[in-house]
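Residue numbers (our numbering): -2 to 653.
Where is the CB? At the ideal position from N, CA and C, for every residue including glycine.
For reference, the structure is listed below as structure tokens.
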Ligand code: WTA
């Protein structure tokens, strides 16, 4: 890997926090943030100790951080319970009868669970698990759709000290089996069916197929979402509602060591077997709660809607643990954003008077593609803050989000983080940060990050390099479950402890820091290509393409080229209603457009129009598959995370 990454996108629009955004903000004004950051960065451990004090501890910690690269322990000796923090402690406050979850099923029904009601269900279900013999330290699998019971199941595990392992409901039986076996799960919680895109997904049948291959699984608990006509294996399978009826409604939260494993969540590596990212209790909850409160500038009367699935880290940290620890009202949606029409989110924002909306760039681009007329039909005036996460947001999409959804008045928090980091690391603070479309701005107070060359020397302003975190943080992953060596190798071997370096965490992302200190994510380093000696972030070229009036989405990959080292191939989908008469002319125009936006070196050598791009189920474009397509023709790598296989078939056919 060369460490020279040319970053050439320039963007100058600036959005300072408005008077409204500053008014009453937890962190108000640039000067306040500067002071806080200076103090926190000088002593991050003390800063995070302060944040940890916002939680309820059954016993105080004795040592805030024990750090022996790459093993971190936060709040050593402290005891707490995540479910108690998310539920019980609100019951002594006026939040007791506040809505914790406002849930909307895809077919349209709604359910509201107050903190008191959620507490009761979680306590009952914790007793259900205890009744089935689940013990502290056992791993419990959760393979469900977006129903409140998934949240109940997670918090019930936390209440008794079981470690949950949520597998996204869109994954196959094979993926479930692999994750259950790798983590040694003893119970799997699922549904008869899940509701998605107007039809049902057979979760129980998939769970059955998985269970056949999992020797350790002793019980399946099945929540009835559909009509319940699924085979049940006597002795092994149990209906959720039957177990709940018989379970007592009180179950004291056990005091757990701050480093007790809260959950394992699998994420794909660039190759090979998925990695079981292990998160523990005290540090994780501290950072999830602090970031949720300050980045979304949470007020007690907010209605907060995060569109992620609980099968991903965003769902864990920003639907469940962060918001509930803060006593927020969370809107949770079961189905597809386009069901029954592409206006579902906008209709929900109006219906529930949502004030904070957190989604992903891929969703925003899809909405741009379907057109402004959908959101224009709704009253979105309740919104006061917008968030984005998951990939770099191209400035065009940012501007659309800002003006069409945010009515030009809502700050946008572009939040950079990873499954591994557990919580947000780089983000604006809405009452204090001047934002610019396309940058997640700066590391949070108490988070030390830098952009460096491969040899560890810092990059100059605007020089592309590798994004590293230079000091441990509370919600960092503790290891890859069962594989400490892979953990060390993956994250800590690029910048190991040496005479000149204390040992840094390598994020896998390329980035640049501008003169103001704002960090621009260029993309994963495996999405960085070298053309004629220039390393270019494919995300930037994609961004340039998307800024053309005809383009909806673009993915850029490299194929080997004798002269240039690599040639760029761009896959482009056009906006709805765009039907060019002369495709060759449009291709030439797009190449010129990229040339004008970025520079001659970034012009794609080849442009292919496509109906759709291959995406993971969480919405990330699978550039690896496109790369395989343009280099070898055949796609050999793992496609289990692909949302829709037919997309790939079509692309392949187009080539012939
Ligand atoms: C990318 C999602 C640019 C990045 C929470 C990171 C982003 C990977 C942003 C982690 C952002 C996430 N701007 N890139 N705001 N947020 N990424 O584990 O490449 O699904 O390394 O966690 O997504 O993805 P993951």
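Chain-order list of residues whose beta-carbon lies under 6 Å from that of residue i (same chain, five-residue window excluded)
| i | result |
| --- | --- |
| residue 150 | 139 and 186 |
| residue 264 | 272, 274 and 416 |
| residue 539 | 551 and 553 |
| residue 575 | 547 |
| residue 444 | 422 and 470 |
| residue 504 | 464 |
| residue 148 | 317 |
| residue 173 | 140, 164 and 207 |
| residue -2 | Note that residue -2 scores a pLDDT of 42, beneath 50, so its modelled location is shaky; the value from the coordinates is reported in the next line. Counting only Cβ-Cβ distances below 6 Å, and skipping sequence neighbours, we find nothing. |
| residue 99 | 109, 328 and 349 |
Three-state secondary structure assigned by DSSP to residue i
| i | result |
| --- | --- |
| residue 563 | strand |
| residue 628 | helix |
| residue 440 | strand |
| residue 101 | strand |
| residue 569 | strand |
| residue 124 | helix |
| residue 577 | coil |
| residue 467 | coil |
| residue 402 | helix |
| residue 209 | helix |
| residue 323 | coil |
| residue 550 | strand |
| residue 189 | coil |
| residue 23 | coil |
| residue 234 | strand |
| residue 610 | coil |
| residue 94 | helix |
| residue 694 | Nothing can be reported for residue 694, as the shown portion of the chain is limited to -2 through 653. |
| residue 31 | helix |
| residue 593 | helix |
| residue 598 | helix |
Same chain only: Cβ atoms within 7 Å of residue i, ignoring 5 sequence neighbours per side
| i | result |
| --- | --- |
| residue 246 | 117, 120 and 121 |
| residue 268 | Because residue 268 carries a pLDDT of 46, less than 50, the predicted location of this residue cannot be relied on, and the following value inherits that uncertainty. The answer is none, since no qualifying residue turns up. |
| residue 46 | 61 |
| residue 86 | 53 |
| residue 511 | 458, 459 and 517 |
Distance cut-off 8 Å: residue i Cβ against heavy atoms of the ligand WTA
| i | result |
| --- | --- |
| residue 589 | no |
| residue 385 | yes |
| residue 288 | no |
| residue 520 | yes |
| residue 118 | no |
| residue 506 | yes |
| residue 389 | yes |
| residue 430 | no |
| residue 331 | no |
| residue 261 | no |
| residue 437 | yes |
| residue 477 | no |
| residue 415 | yes |
| residue 511 | no |
| residue 454 | no |
Residue i: CB within 8 Å of a non-hydrogen atom of the ligand MN
| i | result |
| --- | --- |
| residue 617 | In terms of ligand content, the structure shown lacks the ligand MN and carries the ligand WTA instead. |
Bounding residues of the alpha helix (DSSP H) (the contiguous stretch that carries residue i)
| i | result |
| --- | --- |
| residue 52 | From DSSP, residue 52 is part of no alpha helix (DSSP H); its letter is neither H nor E. |
| residue 83 | 79 to 83 |
| residue 358 | 358 to 367 |
| residue 178 | 170 to 180 |
| residue 543 | 535 to 543 |
| residue 284 | 279 to 292 |
Beta-carbon proximity list for residue i, same chain, < 8 Å, skipping 5 on both sides
| i | result |
| --- | --- |
| residue 378 | 404 |
| residue 26 | 14, 19, 428 and 429 |
| residue 394 | 358, 361, 362, 365 and 543 |
| residue 347 | 375, 376, 377 and 379 |
| residue 351 | 300, 301, 302, 328, 345, 379 and 380 |
| residue 654 | Nothing in the structure corresponds to residue 654, since the chain is present only between -2 and 653. |
| residue 200 | 140, 141, 142, 166, 187, 188, 189, 190 and 191 |
| residue 76 | 54, 55, 56, 252, 253, 254 and 255 |
Distance between beta carbons of residue j and residue i, contact taken as under 8 Å
| i | j | result |
| --- | --- | --- |
| residue 80 | residue 250 | 5 Å |
| residue 398 | residue 353 | Incorrect: roughly 14 Å between the Cβ atoms, too far for contact. |
| residue 162 | residue 136 | 5 Å |
| residue 356 | residue 326 | The Cβ separation is near 18 Å, so there is no contact. |
Residue range of the beta strand (DSSP E) that includes residue i
| i | result |
| --- | --- |
| residue 258 | 258 to 264 |
| residue 448 | 446 to 449 |
| residue 342 | Taken as a continuous stretch (DSSP letters only), residue 342 belongs to no beta strand (DSSP E), being part of the alpha helix (DSSP H) at 341 to 349. |
Short CB-CB distance (under 9 Å) between residue i and chain B
| i | result |
| --- | --- |
| residue 437 | Reference to chain B is not applicable here, since this structure consists of a single protein chain. |
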